[in-house]
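Residue numbers (the working numbering): 38 to 385.
The beta-carbon is built from N, C-alpha and C at its ideal position, and this holds for glycine as well.
Since the structure comes first, as structure tokens, the remarks are kept for the end.
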Ligand SMILES: Cc1ncc(C[n+]2csc(CCOP(=O)(O)OP(=O)(O)O)c2C)c(N)n1
Ligand SMILES: [Mg+2]
């Protein structure tokens, strides 16, 4: 079946965006039909979930900060495809996608956003503070860069215990300029810790572009003085992410130490829900959406290869929308925590 006329995303190996390059030889994982469908479903779940969270925020159901991940879905889904049970994930405040990708359920995440009992932190944490030991998700951190040293600590624990788990510490281009990142790099390389540093370079730290804030804009080289290898990856192509993740995980799991993966990606929405977005043009955002969208790339391949019909994809979209609608209903109906919970789950 021919691709839809409105779609302009190319299904070539790499997307057409200007910063798109990959230094691991541009490796692209070979996805079979089931894997493409899984990637489509999982990225779509994150996208629809985030759209709904944005709506609920606008309606006043979600308070405080809320940072949406829309546009960056291929990074976390591609990485997660390469991990095994027991590997840990930690990230910053733009974290809902990471939670869903690790398998945390939509109800628990949405109910946490609305501050309800059924939320992952019993309604007491909110968007930036959710955890799941069961799914090996260690947060959700509002302090820029904090997760880098904590993620390094997770790797230290793995090494100390002698298991073969790796930890993945996600952080942004802005966080990459933070001092504790380099203290962590030093220790990780010194002790050959199994940690993958995933720098999600979405080109902006709040309203500041990397061009204005970054002396070394090739973030894959940020570990060079410690001897930590890095790769620059097309973070809009889930197959490129998976290929790079496979390489990094093999390297880390075999005891060689940390690795950096710089994911070239883009966020479509503002930094947070209260961002007037005056630092970039609408055209820039539109160009990324129409030329490099990670979900549209998969959709086109599925159609072009005859692996799915428009109806098949509509039915996936319906399933996903149902999950998200159910989570939103739950998140509005579930009660808020009881006042007696004010003094539980805290360190005194
Ligand atoms: C230590 C610290 N400094 C400043 C802030 C305010 N702040 C929140 S997000 C952010 C930008 C970080 O950008 P980046 O690391 O690129 O991540 P992105 O938001 O693009 O995902 C800043 C400066 C903070 N939360 N913590
Ligand atoms: Mg950024």
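| Asked | Found |
| --- | --- |
| Integer Cβ distance of residue 255 from residue 269, believed to fall under 8 Å | 7 Å |
| Rounded separation between residue 229 and residue 179 - CA only | 27 Å |
| Sequence-distant residues of its chain with Cβ nearer than 7 Å to residue 73 (five each side left out) | 335, 338, 339, 344 |
| Validate contact between the segment 210-219 and the segment 145-161 using beta carbons, cut 8 Å, 3 pairs | no |
| By C-beta, the residues closer than 7 Å to any heavy atom of ligand 2, given in chain order | 209, 210, 211, 237, 238, 239, 240, 241, 242 |
| Pairwise C-alpha distance: residue 158 and residue 166 | 7 Å |
| Contact test: residue 272 Cβ vs ligand 1 heavy atom, cutoff 7 Å | no |
| Residue 324 versus residue 302 - alpha carbon distance | 13 Å |
| With 16 other Cβ atoms within 10 Å as the buried cut-off, status of residue 249 | exposed |
| beta-carbon residue 340 near ligand 1 non-hydrogen atom, thresh 7 Å | no |
| Whole-Å CB distance - residue 192 paired with residue 138, under 8 Å assumed | Contact doesn't hold; Cβ gap of about 20 Å is too wide. |
| Segment contact flag, the segment 82-99 with the segment 107-118, C-beta cutoff 8 Å, min 3 pairs | yes |
| Chain-order list of residues whose beta-carbon lies under 8 Å from that of residue 174 (same chain, five-residue window excluded) | 125, 126, 127, 135, 136, 139, 141, 167, 168 |
| 3 or more residues per run - each beta strand (DSSP E) lying fully within the segment 208-295 | 232-238, 267-271 |
| Per-residue DSSP class, three states only, for residue 299 | strand |
| Nearest to residue 195 (by Cα), restricted to the options 264, 358, 237, 289 | 289 |
| Local conformation of residue 206 per DSSP, three classes | strand |
| One or two residues paired with residue 367 in a DSSP bridge | Beta-bridge pairing links residue 367 to no other residue. |
| When 220, 203, 238 are compared against residue 211, the one with the closest alpha-carbon | 238 |
| Simplified DSSP state of residue 127, which is helix, strand or coil | strand |
| Bounding residues of the alpha helix (DSSP H) (the contiguous stretch that carries residue 82) | 70-95 |
| DSSP state of residue 329 mapped onto helix, strand, coil | helix |
| DSSP beta-bridge partners of residue 174 | 126, 169 |
| Residue 131: CB within 7 Å of a non-hydrogen atom of ligand 1 | yes |
| Alpha-carbon to alpha-carbon, residue 115 and residue 347 | 23 Å |
| Assigned exposure category for residue 120 - 16 Cβ within 10 Å defines buried | buried |
| Pairwise C-alpha distance: residue 87 and residue 356 | 16 Å |
| Inter-residue spacing [alpha-carbon to alpha-carbon] between residue 382 and residue 100 | 21 Å |
| Pairwise C-alpha distance: residue 358 and residue 305 | 20 Å |
| Endpoints, alpha helix (DSSP H) assigned at residue 117 | 110-119 |
| Span of the alpha helix (DSSP H), counted from its first residue to its last, around residue 104 | No alpha helix (DSSP H) holds residue 104; DSSP gives it neither H nor E. |
| Of the residues 360, 373, 222, 332, the one placed nearest residue 262, counting alpha carbons only | 222 |
| Supposed contact pair residue 299 and residue 257 - C-beta distance, whole angstroms, cut 8 Å | 4 Å |
| Top-ranked residue by Cα proximity to residue 332, from 95, 285, 113 | 113 |
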